[in-house]
Amino acid sequence: MGTNLVNELEGRGHEVFAADLLHNNRDNYQRCDVRNYRQLERLFEEHEDKFDYVYHLAAEYGRWNGEAYYENLWQTNVIGSKHMIRLQEKLGFRMIFFSSAEVYGDYTGKMSEDVMVKNPIKDTYQMNDYAITKWAGELMCMNSATMFGTETVRVRPVNCYGPHEEYSPYKGFIPIFIYKALHNQPYTVYKGHKRIIDYVGDTAFTFANIVDNFIPGEVYNVGGRTEWEKDIKEYSDLVLEAVGKDDSLVTYEQAEEFTTQVKTIDFSKAIKDLKHTPKVDPAEGIKKTVEWMKWFYRVK
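Right, dumping it as structure tokens:
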């Protein structure tokens, strides 16, 4: 999401400076680990009075990643976010904090943003450490606004996918399915799970709109169109069609444990405030992502 967001913001004429864990040869970039306050402090000191808005996307992603590498997860998602908030309190920039729709846990109703404050905890019990850390980050942002007057908009992305997302076994199901199919590797599809996916170009467009209508304290679900909700198997079928493979690679199993079966999300607030208008449907977006992965992994 970060790469596509930077490209979208620069395309609109904004001056953008990026920071990430990796060494990178792009302009206006600095290596920085949010787990280390000194590195963040140095970055802001070297660019004093330069930032009006800060998009805080840095995070360890994924449920099973959070189990296998829980130290990194908690240090990055919680301690790292606290470092960012401390600097926000000191320097006064406006922040866009990236949470996740995982904060809704296994909520069975329509997931509107106010569910997290109007419903009892038992309704939105977070099912994994990744979700817990994201909700902790949101709570810290809200507490800072109350105590120190900081101004933050929180966003809850929903299954964003697309170019510039490399494969790892801890990523979302779309890049995993594509990578496995491209390399003739078997993968598993769990039945009974329904999701809405959102092509990263559409996501970046909406996130970039936040600076044009920044409403402190607001929180937004951002994802695809509700009519695009599909069973995971349907997404797998679209991947296989785009790659040109049959489903002999696929093992079908019953619903996965500790995983929400159906996520029905309300995007009306982002549509109203942020002009959220997803244009790339799953079939087209998956084809675009397959082409990018073919190029990136040199697959003919």
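Okay, so the sequence shown: first residue is 165 according to my numbering, each after it adds one.
Glycine residues also receive a C-beta, built at the ideal position from the N, C-alpha and C atoms.
As a quick exercise: from the options, pick the residue whose alpha carbon is nearest that of residue i.
{"i": "tryptophan 238", "options": "Ala222, Asp430, Ser400 and Gln252", "result": "Ala222"}
{"i": "threonine 352", "options": "Phe369, Asp401, Thr367 and Asn323", "result": "Asp401"}
{"i": "lysine 394", "options": "Ile338, Lys246, Gln194 and Pro321", "result": "Ile338"}
{"i": "phenylalanine 257", "options": "Ser308, Glu302 and Gly230", "result": "Ser308"}
{"i": "valine 170", "options": "Gly365, Lys451, Lys433 and Tyr201", "result": "Gly365"}
{"i": "glycine 408", "options": "Lys458, Asn377 and Cys305", "result": "Lys458"}
{"i": "valine 242", "options": "Met259, Val454 and Cys305", "result": "Cys305"}
{"i": "histidine 247", "options": "Lys286, Trp228 and Glu205", "result": "Glu205"}
{"i": "asparagine 236", "options": "Ala345, Gly449, Lys397 and Asp293", "result": "Asp293"}
{"i": "aspartate 197", "options": "Asp191, Tyr234, His211 and Thr240", "result": "Thr240"}
If you count every other CB in all the chains shown that lies within 10 Å of the CB of residue i, and 16 or more means buried, which is it?
{"i": "glutamine 252", "result": "buried"}
{"i": "glutamate 224", "result": "buried"}
{"i": "leucine 303", "result": "exposed"}
{"i": "histidine 357", "result": "buried"}
{"i": "aspartate 278", "result": "exposed"}
{"i": "glutamate 329", "result": "buried"}
{"i": "glutamate 266", "result": "buried"}
{"i": "glycine 175", "result": "exposed"}
{"i": "lysine 427", "result": "buried"}
{"i": "glycine 388", "result": "buried"}
{"i": "glutamine 418", "result": "exposed"}
Could you check what DSSP says for residue i in three-state terms: helix, strand or coil?
{"i": "proline 339", "result": "helix"}
{"i": "methionine 259", "result": "strand"}
{"i": "asparagine 283", "result": "coil"}
{"i": "histidine 489", "result": "The requested residue 489 is not part of the displayed model; the chain covers only 165 to 464."}
{"i": "arginine 222", "result": "Note on residue identity: the sequence assigns alanine, not arginine, to residue 222. Reduced to three states, the DSSP call for alanine 222 is coil."}
{"i": "lysine 433", "result": "helix"}
{"i": "lysine 358", "result": "strand"}
{"i": "methionine 275", "result": "strand"}
{"i": "arginine 462", "result": "coil"}
{"i": "glutamate 235", "result": "helix"}
{"i": "glutamine 194", "result": "strand"}
May I have the straight-line CA-CA distance separating residue i from residue j, to the nearest angstrom?
{"i": "tryptophan 392", "j": "aspartate 445", "result": "7 Å"}
{"i": "glycine 244", "j": "glutamate 231", "result": "18 Å"}
{"i": "threonine 297", "j": "valine 317", "result": "17 Å"}
{"i": "glutamine 194", "j": "proline 284", "result": "42 Å"}
{"i": "tyrosine 271", "j": "arginine 462", "result": "41 Å"}
{"i": "asparagine 200", "j": "leucine 186", "result": "14 Å"}
{"i": "tryptophan 456", "j": "glycine 177", "result": "26 Å"}
{"i": "arginine 227", "j": "isoleucine 249", "result": "24 Å"}
{"i": "isoleucine 260", "j": "tyrosine 399", "result": "30 Å"}
{"i": "asparagine 348", "j": "isoleucine 361", "result": "24 Å"}
{"i": "lysine 286", "j": "tyrosine 268", "result": "11 Å"}
{"i": "lysine 344", "j": "phenylalanine 262", "result": "28 Å"}
{"i": "leucine 173", "j": "alanine 300", "result": "28 Å"}
{"i": "leucine 346", "j": "tyrosine 325", "result": "17 Å"}
{"i": "tyrosine 334", "j": "valine 383", "result": "26 Å"}
{"i": "glutamine 290", "j": "isoleucine 435", "result": "26 Å"}
{"i": "isoleucine 342", "j": "alanine 368", "result": "21 Å"}
Say the cut is 7 Å; is the CB of residue i nearer than that to a heavy atom of the ligand SAM?
{"i": "glycine 177", "result": "In the structure on display, the ligand SAM does not appear, and there are no ligands present to speak of."}
For this session: Spell out a yes or no on whether the segment 399-418 and the segment 214-223 are touching, meaning 3 or more CB-CB pairs, one atom from each, closer than 8 Å.
Result: no
Exercise. Does the pairing of the segment 434-452 with the segment 375-382 give three or more beta-carbon distances under 8 Å?
Worked result: yes
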